[in-house]
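Engineer:
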Amino acid sequence: MLSLPFMQNAFLASTFIAIISGVVGVFVIARNMSFLTHTLSEIGFAGAAFGIFAGWAPLNGMLLFTMVSSVIVGQMSVKASRREASISAISSLFIGLGILFLSLANKTSSYATNILFGSIIGISRANVLQVILLSAVVLLVVLFIYRDLKFDSFDHIGARVKGLWTNVLSIVFLVLLALSVSVAAQIVGSLLIFVLLTLPAASARYFAHTVSGMMLVAIGMSLIGVWGGLYLGYITNWPVTFFIASIECLFYLSALGYNHWRQG
Numbered sequence: 161m162l163s164l165p166f167m168q169n170a171f172l173a174s175t176f177i178a179i180i181s182g183v184v185g186v187f188v189i190a191r192n193m194s195f196l197t198h199t200l201s202e203i204g205f206a207g208a209a210f211g212i213f214a215g216w217a218p219l220n221g222m223l224l225f226t227m228v229s230s231v232i233v234g235q236m237s238v239k240a241s242r243r244e245a246s247i248s249a250i251s252s253l254f255i256g257l258g259i260l261f262l263s264l265a266n267k268t269s270s271y272a273t274n275i276l277f278g279s280i281i282g283i284s285r286a287n288v289l290q291v292i293l294l295s296a297v298v299l300l301v302v303l304f305i306y307r308d309l310k311f312d313s314f315d316h317i318g319a320r321v322k323g324l325w326t327n328v329l330s331i332v333f334l335v336l337l338a339l340s341v342s343v344a345a346q347i348v349g350s351l352l353i354f355v356l357l358t359l360p361a362a363s364a365r366y367f368a369h370t371v372s373g374m375m376l377v378a379i380g381m382s383l384i385g386v387w388g389g390l391y392l393g394y395i396t397n398w399p400v401t402f403f404i405a406s407i408e409c410l411f412y413l414s415a416l417g418y419n420h421w422r423q424g
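Residues in the sequence shown are numbered consecutively from 161, following the numbering used here.
1. Taking its Cβ as the centre, do 16 or more other Cβ atoms sit within 10 Å of N397, making it buried, or is it exposed?
2. Just how far apart, CA to CA, sit F187 and A319?
3. On the three-pair Cβ rule with 8 Å, is the stretch 288-298 touching the stretch 171-188?
4. Out of Q168, Q423 and Y412, state which residue places its alpha-carbon closest to the alpha-carbon of N287.
5. Excluding five sequence neighbours on each side, which residues of the same chain lie with their C-beta closer than 7 Å to the C-beta of V348?
6. How about F261 and A206: are their beta carbons less than 8 Å apart?
7. Over the uninterrupted alpha helix (DSSP H) stretch that includes T197, give me the two end residues.
8. If you run the structure through DSSP and keep just helix, strand and coil, what is M161?
9. Hey, quick one: how far does the alpha helix (DSSP H) through R285 stretch, first residue to last?
10. Given a threshold of 16 other Cβ atoms within 10 Å of its Cβ, counted over all protein chains shown, does S252 qualify as buried or as exposed?
11. With distances taken from CA atoms, which of Y412, L359 and I250 is nearest S194?
12. Does the Cβ of I179 lie closer than 7 Å to at least one heavy atom of the ligand NAD?
13. Among S363, G388 and I203, whose alpha-carbon lies nearest the alpha-carbon of S350?
14. Over what stretch of residues does the alpha helix (DSSP H) that includes G380 continue unbroken?
15. To the nearest angstrom, how far is it from the Cα of V371 to the Cα of A364?
16. Pick out whichever of Y418, S382 and L200 has its Cα sitting closest to the Cα of I255.
17. Contact defined as beta carbons within less than 8 Å: I believe V184 pairs with S340. What is the distance between those atoms, to the nearest angstrom?
18. Out of L392, P399 and A415, point me to the one whose CA is closest to A378's CA.
19. Using the C-alpha atoms, what's the distance from L309 back to V302?
20. L300 to G258, Cα distance in whole Å?
21. What residue range does the alpha helix (DSSP H) around F402 cover?
22. W387 and F171 look like a contact to me (Cβ under 8 Å); what is the Cβ gap, rounded to whole Å?
23. Near G221, which residues of its chain fall below 6 Å by C-beta distance, leaving aside the five closest residues on each side in sequence?
24. Among N419, L289, A190 and W216, which has the Cα closest to the Cα of A361?
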């Protein structure tokens, strides 16, 4: 299996994707941004479709759309009273735009399938290098702002009282989230990107009680999910995304069961 170049590319890319998903996912859960991750996945679909329409690489279109829109969508959905309506409006608009761009580009439904659900066969060495570069950027920025971001994510009121630039931190994190969505979509597709960015971290909080511990557990679960998904997809010829989603859901259900047993 690993003698095949496309599988080598897929495993290498998925390793970095799992790492940034585990790290960023912990802050996504802490900041209650699962809704925004889902919205960005649909924006990413529109961006990838635009990239195809413009003759770009789909990842470049995703990066453009998600990075620009992440801050805008985040500001629109700050107030809980309008959060659901904002999400519905933005999601509907960008799904429609994605379909429009694919139609204008005269591409078949297979292109939409690859964007929505990912395609391990389509990952080239250039894609892998791009994923590694973007992952390194995300990890370096997180490392640089780690203490302040952790404080703001887990004690937002305390961070504001202390005088941290919480608005700046929010904007930086939104951009990091946009980068993570675009990168991780290479494996699981834009439709199910929230699987890797939410479920491992949501499961990890039941097994670890420190932020660094949660990150390590989330990274481990993400790695098992993507590696297991790639292997099972290879031997069965079934969609890799199905296996990744199933494995991460099993982890989450196991975490809930463990928490119930511990409290019982």
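Positions of the beta carbon are idealized from the N, C-alpha and C atoms, including for glycine.
Structural biologist: Result, derived from the coordinates:
1. Counting other Cβ atoms within 10 Å of its Cβ, N397 stays below 16 and is therefore classed as exposed.
2. Going from the Cα of F187 to the Cα of A319 covers about 15 Å.
3. With the cut-off at 8 Å, the stretch 288-298 and the stretch 171-188 touch.
4. The shortest C-alpha separation from N287 is found at Q168.
5. Only G278, V355, L356, T401 and I404 meet the Cβ criterion.
6. Cβ distance < 8 Å, so F261 and A206 count as in contact.
7. Element bounds for T197: S194 to A214.
8. Three-state result, M161: coil.
9. Note, R285: alpha helix (DSSP H), R285 to F314.
10. Counting Cβ neighbours within 10 Å, S252 comes out exposed, since fewer than 16 surround it.
11. It is L359 whose Cα lies nearest to the Cα of S194.
12. Ligands displayed in this structure: none; no statement on the ligand NAD is therefore possible.
13. Answer by Cα proximity: I203.
14. Residue range V371 to T396 is occupied by the alpha helix (DSSP H) that includes G380.
15. The C-alpha of V371 lies about 10 Å from the C-alpha of A364.
16. Of all alpha-carbon atoms in Y418, S382 and L200, the one lying nearest the alpha-carbon of I255 is that of L200.
17. Taking 8 Å as the upper bound for CB-CB distance, V184 and S340 are in contact here, some 5 Å apart.
18. In terms of CA proximity to A378, A415 leads the group L392, P399 and A415.
19. For V302 and L309, the gap between their C-alpha atoms comes out near 8 Å.
20. So the two alpha carbons sit approximately 31 Å from each other.
21. Run containing F402: V400 to Q423, per the alpha helix (DSSP H) assignment.
22. At roughly 7 Å, the Cβ-Cβ gap stays under 8 Å, so W387 and F171 are in contact.
23. Answer for G221: G207, A208, F210 and G211, listed in chain order.
24. Out of N419, L289, A190 and W216, A190 has the C-alpha closest to the C-alpha of A361.
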